[in-house]
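All remarks here apply to the structure that follows.
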Amino acid sequence: MAEALFGSIDQIGFVVDDLDQSIACRMRQIGLGPWTVFRGVTLDGRFRGQLTRVVIDVALAYQGDVQIELIQPIGNAASPYRDESGAPLCGMHHIAWIVDNLDAAVAEATARGLSVLFEASNPSTRVAYLETKDDPGVLYEFIEGAGMREMVAAGIAAARGWDGSNPVTTIETGE
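Count the sequence shown with this note's numbering and you get residues 3 to 177, in order.
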């Protein structure tokens with residue numbers, strides 16, 4: 003079987019309207035955990051070409067080698083996490099790959115017909131979401147950042163050895 007262009011999918015992301023409730027539900031119903039929660043993550047960038055500052059709360063857990071991301075948008079900034087009326091786009095949101103060179107990945111994807119919807123960064127990472135008219139409602143994300151692969155590897159190891167204790171670790175980012 004041929005390798006996918008950007009490798010194996012690293013992440014599946016979901017937008018939720020209540021992060022804590024969504025974490026509790028996934029732990030109770032499917033045993034997913036442990037979770038690392040980042041509160042107040044700020045991303046400065048462009049959404050549909052317009053400058054924006056997006057604030058989100060993010061929770062990360064792992065199923066096998068795949069990171070599961072829950073995103074709760076905070077505030078009302080235009081972003082890929084809200085519809086035109088400002089309501090959160092709850093449900094499965096995107097699939098993502100961690101890449102070494104965001105610009106190269108975006109260039110390759112746009113050469114293949116995808117369009118940039120959102121590009122943003124903070125001191126820890128740079129991200130880009132892309133879309134295609136051929137598959138409406140599906141977003142593709144590329145994530146670049148020093149230490150991202152190490153963070154994922156540590157999360158995968160923690161999930162494999164998780165005994166159900168300490169189900170949530172919260173980090174206030176203050177970015």
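Ideal placement from N, C-alpha and C gives every residue a C-beta, glycine not left out.
What span of residues does the beta strand (DSSP E) with residue i cover, start to end?
i, result
"V39", "W37 to F49"
"V17", "Q13 to V17"
Along the chain, where does the alpha helix (DSSP H) containing residue i start, and where does it finish?
i, result
"L21", "L21 to I32"
"A161", "M150 to R162"
Taking DSSP's pairing of strands, which residues face residue i in a bridge?
i, result
"V170", "W37"
"T54", "G47"
Taking only three categories from DSSP, how would you classify residue i?
i, result
"A61", "strand"
"E5", "coil"
"V140", "coil"
Q.
Give the list of continuous beta strand (DSSP E) stretches no shorter than 3 residues that lie fully inside the segment 65-122.
A. Within the segment 65-122, the complete beta strand (DSSP E) segments of 3 residues or longer fall at 68-76 and 93-100, listed in chain order.
For the 8 Å Cβ check, are there 3 or more pairs between the segment 145-162 and the segment 74-86? Touching, no.
task = Report yes or no: do the segment 89-97 and the segment 38-53 share at least 3 C-beta pairs separated by less than 8 Å?
result = Contact between the segment 89-97 and the segment 38-53 is absent: fewer than three C-beta pairs spanning the two stretches fall below 8 Å.
- Between the segment 63-71 and the segment 150-162, do three or more beta carbon pairs fall short of 8 Å? Three or more pairs of CB atoms, one per stretch, sit closer than 8 Å, so the segment 63-71 contacts the segment 150-162.
| query | Quick one: any contact between the segment 16-24 and the segment 85-94, if contact means 3 or more CB pairs under 8 Å? | reply | Look at the beta carbons and you see the segment 16-24 touching the segment 85-94: at least three pairs across the two are nearer than 8 Å.
With a cut-off of 8 Å, do at least 3 Cβ pairs link the segment 18-28 to the segment 105-114?
The way I'd put it, the segment 18-28 doesn't touch the segment 105-114; fewer than three beta-carbon pairs between them come closer than 8 Å.
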